[in-house]
Amino acid sequence: MSFTYPGATTPALHEVDLSIRKGEWVALIGANGSGKSTLAKLLNALLIPTRGDCFSCGFRTDREENYWAIRSRIAMVFQNPDNQIVASVVEEDVAFGPENLGLPAARIQERVLECLCQVGLEDKRRTPTYALSGGQKQRLAIAGALAMQPNCLVLDEATAMLDPQGRADVLDILRKLHGQGMTLVQITHRLDEILDATSAVVLEKGRIAWEGDIAGLFSRKERFPEWGLETPGLVRLSRRLKERRLLPESCLPSVKEMLEHLCP
Ligand SMILES: Nc1ncnc2c1ncn2[C@@H]1O[C@H](COP(=O)(O)OP(=O)(O)O)[C@@H](O)[C@H]1O
Ligand SMILES: [Mg+2]
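Here it is in structure tokens:
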């Protein structure tokens, strides 16, 4: 599929042919302006391809009658949690979606608590949302998304505004959700955050420049500069250790894997 914004001369996405399987954790990476957010919006029918077709959870995105089916299955989490919080108290914010589904009050309460537990905010149930830290706000936004019981979560730079602890907390939640079978599309420019993903898609000027598993991605480090990707410190360290044969070529640049090889 391709997508051109109204009035633009070049397509933001050009002949992108991609399938994401159920239960996959796909890292979508690439330089600023490479088309990541556009692709995310095509996935849940916020944008419709200007050429070709997009199917989300089996539904064509260009049929208005499918919008509800698609958007209830594919939830989005964006960069700025303040733009996603709609209520002034934590539990009310999570309840907002289920309330619109017309669920009985007891069922809503149950679901709200479940979702707050998933993101570790159960103790903050009655806290005003303004009193949360940035990381807690983003976890609340994730809880709000989960409250609709989606099959797939699309996170567009969801950690970009967070401090290291906030980022680590969000990643922990992603690992847990993936373990429970949730399909994840994770947009980020921090390569140290994608080590648990099952596959990576690199966008370059609206085209897929590379697609494969994470180990494969890190074996193409020489192309990172042309893809606009920055090599994280841990990746540089692992390359040095591999050059000195202290690590096997197959080792992922994660603290866990590196330690397993260095201090078995
Ligand atoms: N609303 C818009 N109208 C016109 N052009 C846009 C709009 N949003 C994004 N673009 C353009 O589309 C291209 C892809 O943008 P985007 O999907 O936001 O990239 P990324 O998320 O990778 O930074 C860029 O060239 C950008 O300038
Ligand atoms: Mg973007």
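Counting in my numbering, the sequence shown runs from 594 upward without gaps. Quick reminder that beta carbons are idealized off the backbone N, C-alpha and C, glycines included.
Per-residue burial, R704 [other beta carbons within 10 Å of its own, 16 or more giving buried]: buried
My assumption, with CB atoms under 8 angstroms, is that A578 sits in contact with Q672. Please give the rounded CB distance. In this structure the chain extends from 594 to 857, so residue 578 is not present and cannot be described.
Would you say V709 and Q729 are within 8 angstroms of each other, going by their C-beta atoms? Checking the sequence shown, residue 709 turns out to be Leu, not Val. Against a cut-off of 8 angstroms, the Cβ pair of Q729 and L709 comes out as no contact.
DSSP on E692, reduced to helix/strand/coil? Looking at E692 - three-state DSSP - the assignment turns out to be helix.
Bridge-paired residues (DSSP) for T776: The secondary-structure analysis by DSSP pairs T776 across a beta bridge with C745.
Less than 7 angstroms between the CB of E555 and some heavy atom of ligand 2, yes or no? There is simply no residue 555 to check, as the chain begins at 594 and stops at 857 in what is shown.
Assign S812 to buried or exposed, taking buried as 16 or more other Cβ atoms, counted over all protein chains shown, within 10 Å of its Cβ. exposed
Below 7 angstroms CB to CB, which residues in the same chain sit around S831 once its five sequence neighbours on both sides are set aside? L840, C844, P846 and M851
Check whether the Cβ atoms of A633 and I663 sit closer than 8 angstroms, and answer yes or no. No, the pair does not count as a contact, with Cβ atoms beyond the cut-off.
Residue from C856, L611 and L770 whose Cα sits closest to the Cα of C745: L770
Using a Cβ-based criterion (distance less than 7 angstroms to any ligand heavy atom), does K814 qualify as near ligand 2? no
According to DSSP, is L621 helix, strand or coil? strand
Residues whose Cβ lies closer than 5 angstroms to any heavy atom of ligand 1, in chain order: Y598, A605, N625, G626, S627, G628, K629, S630 and T631
So who's on the other strand from M669, going by DSSP bridges? DSSP output for M669 lists V747 as bridge partner(s).
CB-CB under 7 angstroms to G645, same chain, minus the five flanking residues each way: which ones, in chain order? M594 and S595
Please name the residue or residues paired with I801 in a DSSP beta bridge. L796
So the alpha helix (DSSP H) Q702 belongs to, where does it begin and stop? A698 to Q711
For Q711 and E685, the rounded distance between their alpha carbons: 16 angstroms
As an exercise, report each continuous alpha helix (DSSP H) stretch of at least 4 residues that is fully enclosed by the stretch 795-856, in chain order. 807-811, 817-820, 826-836 and 848-855
Helix, strand or coil: how does DSSP classify L541 here? Nothing can be reported for residue 541: it is not among the residues displayed for the chain, which extend from 594 to 857.
Can you tell me where the alpha helix (DSSP H) with G727 in it begins and where it stops? G727 to L739
Please classify V573 as buried or exposed, where buried requires at least 16 other C-beta atoms within 10 Å of its C-beta. There is no way to answer for residue 573, as the model of the chain reaches only from 594 to 857.
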